[in-house]
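Report on the structure given below.
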Amino acid sequence: MRKRFNLLLREPKNNMVLAKLRERLLRIMLYASFVVGSILFVLAGITALEKGAQITIAIYGVLYIWTILITFDHRLPFTLRAIGWLGMLFAFGVINLVDSGFNVDSGLFLIIFVAMSVLLMDLPAGMVALALDSVAISILGVINTELNFKLTVGLPDRKSTRLNSSHANI
Numbered sequence: 000m001r002k003r004f005n006l007l008l009r010e011p012k013n014n015m016v017l018a019k020l021r022e023r024l025l026r027i028m029l030y031a032s033f034v035v036g037s038i039l040f041v042l043a044g045i046t047a048l049e050k051g052a053q054i055t056i057a058i059y060g061v062l063y064i065w066t067i068l069i070t071f072d073h074r075l076p077f078t079l080r081a082i083g084w085l086g087m088l089f090a091f092g093v094i095n096l097v098d099s100g101f102n103v104d105s106g107l108f109l110i111i112f113v114a115m116s117v118l119l120m121d122l123p124a125g126m127v128a129l130a131l132d133s134v135a136i137s138i139l140g141v142i143n144t145e146l147n148f149k150l151t152v153g154l155p156d157r158k159s160t161r162l163n164s165s166h167a168n169i
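Position one of the sequence shown corresponds to residue 0 (numbering that gives the first Met the number 0), numbered consecutively onward.
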């Protein structure tokens, strides 16, 4: 049993096909995230400016600049680029978890973080990612339930803003 477990966790050595496949997968994901992220950064920036959320803009700005760096600077080693990509997935999951509570968006970011850790790195990296996700969710769960702290929404949508302003006028 232990021999099979060690075999499962062993990284394939000198497998150039796997290395090239991982590099190609990372490159595709980075280019796609740059294109989609550019559009979303502008749209979210407009909403954040309307709400006066400069800290949110600063955090997203740093993550966007990091995306540009790891996407277009091919001199950076694959491991740094992959860890940078994975770190952003985890960061977006945790930010969404803190801002919006336990919702589908944060869950998707966190589960993609685990899946991409396995695909881009190896199974032990995926296990570390799963542990990080579990710790983040547990900490926020304890804060939410035991300390009776309500997680707030950082950028409410327009519909909830209209409802709140209409109730204020009554």
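All residues carry an ideal CB built from backbone N, CA and C; glycine is no exception. These numbers were taken from a predicted model, which means no experiment stands behind them.
Take residue i as the anchor and find which of the options has the nearest alpha-carbon.
{"i": "residue 173", "options": "33, 142 and 146", "result": "In the structure as shown, the chain begins at 0 and stops at 169. Residue 173 is therefore absent and cannot be evaluated."}
{"i": "residue 140", "options": "28, 97 and 75", "result": "97"}
{"i": "residue 100", "options": "43, 144 and 124", "result": "144"}
{"i": "residue 30", "options": "57, 45 and 70", "result": "70"}
{"i": "residue 40", "options": "57, 21 and 123", "result": "57"}
{"i": "residue 72", "options": "26, 21 and 146", "result": "26"}
{"i": "residue 14", "options": "126, 120 and 75", "result": "120"}
{"i": "residue 86", "options": "125, 42 and 19", "result": "125"}
Give me the Cβ distance between residue i and residue j, rounded to the nearest whole Å; I'm assuming they're in contact under 8 angstroms.
{"i": "residue 116", "j": "residue 128", "result": "4 angstroms"}
{"i": "residue 24", "j": "residue 118", "result": "6 angstroms"}
{"i": "residue 36", "j": "residue 66", "result": "6 angstroms"}
Contact between the stretch 126-139 and the stretch 109-118 (3+ Cβ pairs under 8 angstroms): yes
Cβ contact (3+ pairs, closer than 8 angstroms) linking the stretch 87-97 and the stretch 55-69: yes
Stretch pair the stretch 44-60 + the stretch 74-82: three plus CB contacts closer than 8 angstroms: no
In chain order, each alpha helix (DSSP H) run of at least 4 residues that lies wholly inside the stretch 33-111: 53-71 and 77-99
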